[in-house]
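J.: With my numbering, letter number 300 in the sequence shown gets 343, and the count goes up by one each step, no holes.
Where is the CB? At the ideal position from N, CA and C, for every residue including glycine.
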Amino acid sequence: MAVATRGIPDVDLFSDEVLLDPYPVYAELRELAPVVHLPATGVWALTRYAPVRAALGDPRVFSSRAVAFNDRMNAALAGTSLATDPPDHQRLRSALTENLSPRAVRKLKAGIDAKADAMVAELIERGTFDAIDDLARALPLAVVVDLIGLQGDVRDKILDWGYAAFNVLGPMNERTVANFPVAGELFEWAHHIKEEELAEGSMGRAIFAAAERGEIPYESCGMIIHQYVAAGMDTTIASIGNAIALFAAHPDQFDLVREDPSLIPSAFNEVLRYEAPAPIFGRLVTEDVEIDGTVIPAGAQAAVLLAAGNRDPRHYQDPDSFQVRRNPADHLSFGYGTHGCAGQGLARLEAFAVIGALARRVRRFAVGPGERRINNMTRSLDTLPVVEIEAA
Ligand code: HEM
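1. For Tyr-92, I'd like the list of residues in its chain whose CB is within less than 6 Å of its CB, leaving aside the five on either flank, ordered along the chain.
2. Taking 7 Å as the limit between beta carbons, can you name the residues of its chain near Tyr-66, skipping five residues before and five after?
3. Given 7 Å as the limit, tell me if Leu-389 has its C-beta closer than that to any heavy atom belonging to ligand 1.
4. Consult DSSP for Arg-96 and reduce its assignment to one of helix, strand or coil.
5. Whose C-beta lies closer than 6 Å to the C-beta of Asp-199 among residues of the same chain, with five residues either side of it excluded?
6. Put Ile-417 into one of helix, strand or coil per three-state DSSP.
7. Answer with buried or exposed for His-269, where buried requires no fewer than 16 other C-beta atoms within 10 angstroms of its C-beta.
8. What does the alpha-carbon distance come out to for the pair Leu-202 and Leu-125?
9. Across the region 293–312 and the region 222–237, are there enough close Cβ pairs to call them in contact, namely three or more that are closer than 8 Å?
10. Cβ of Leu-289 within 8 Å of Cβ of Phe-365?
11. Just the Cα atoms here: how many angstroms apart are Ala-253 and Arg-391?
12. Please determine, among Arg-406, Ala-157, Ser-423 and Ile-417, the residue with the shortest C-alpha to C-alpha distance to Glu-60.
13. Per the DSSP calculation, Gly-325 is bridged to which residue(s)?
14. Distance, Cα to Cα, Met-162 vs Ile-398?
15. What are the boundary residues of the alpha helix (DSSP H) that includes Val-68?
16. From this set, Ala-385, Phe-57 and Ala-153, which residue's C-alpha is nearest Thr-84's C-alpha?
17. Figure out for me which residue from Phe-311, Ala-157, Leu-193 and Ala-121 has the closest Cα to the Cα of Pro-320.
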């Protein structure tokens, strides 16, 4: 089959410029074609909602063996559920999701709600604070530390580890190279962790107990804990930070949620659609595949642009507007199909808790300019100063 290439040269999806302001580039690529070859970096970008979802739903042709954009990480991820295709994927995922099932997660709800409520109450007292450090990072950190049962100084490292774990999934640019040592520390720690280092009654302990009962291989305990930290921190932090920033920028939308808290699930879906915390995932194309007249050759590295699909006007009306009543439950930010996010129940619980506490306790708040710390794979604010807050 001939390879038809429609391309715009020299767009590096992982350059500082694009990562800082990706949506104009995503829009240009999306309007060009559903699949665009980017010769500068050699990747094939899937740009529209329908092909993105179809690719995620077809792990035979779009394999997760190249979920990262560099060979070293793809090799390191071998044997994780994230990077394994069916049929082996199912076994790995079952071990991982045991503690993330709706039933398991429901037990955590009251504790997470109480933590978020206490945090928001204390921040209102303070008057000014940083929404990212003091809330978007603080809650997931507290939740993951308690959940896994982490003790001692390892707690201080979790944030850096979570940030690095995503950065190294990018192509071999400076950011990836600089983050390998930190991501390696997380890997080493998780794979050598001992049961007795984890707090009694924690989920971390439960994972080891399952191995002792022979339900999962002992070696997978470290890998599961690694994935909870690597996959669960930066994404959740981004989503909570984005929610706060979007409510500050759209007070009318915040008012709708305050007046009717039953809108919280819909509002969070809209936050995720509008700003995908992890905008791109990679796939290895296993055979020539044609999309709308363009053939992606076997062996190609695909870049699946979840964030571009989420803003596709072919699928969502007026996609660049933020509307908490929209309820786009079919957004792509948790992925789709086989690898669809295993931790989404927990992520929702955390975000609902923060949004709920804000809606209950805050009438209005104002923020100063936020700053980004660029990450190859997650799109998150680094700081967002709250300069004024009025209690409800
Ligand atoms: C808002 C927060 C989150 C977002 C946006 C998010 C996003 C995603 C996406 C897009 C995927 C699919 C990747 C792919 O198709 O290659 C994924 C998979 C995954 N997520 Fe999340 N995630 C979030 C929170 C979490 C949390 C809190 C955990 C765990 C504690 C978690 C654990 C995982 C795991 C283990 C996978 C791999 C599943 C598999 O391969 O079967 N995620 N996530």
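T.: Checking against the coordinates, here is how it stands:
1. Gly-352, Asp-355 and His-358
2. Arg-354
3. A heavy atom of ligand 1 is found nearer than 7 Å to the CB of Leu-389.
4. Helix, per DSSP.
5. none
6. coil
7. Counting Cβ neighbours within 10 Å, His-269 comes out buried, since at least 16 surround it.
8. Spanning the two alpha carbons is a distance of roughly 21 Å.
9. no
10. Yes; because the gap between Cβ atoms is below 8 Å, this pair is in contact.
11. 26 Å
12. Ile-417
13. Ala-346
14. Answer to the nearest angstrom: the Cα atoms are 12 Å apart.
15. 65–75
16. Phe-57
17. Phe-311
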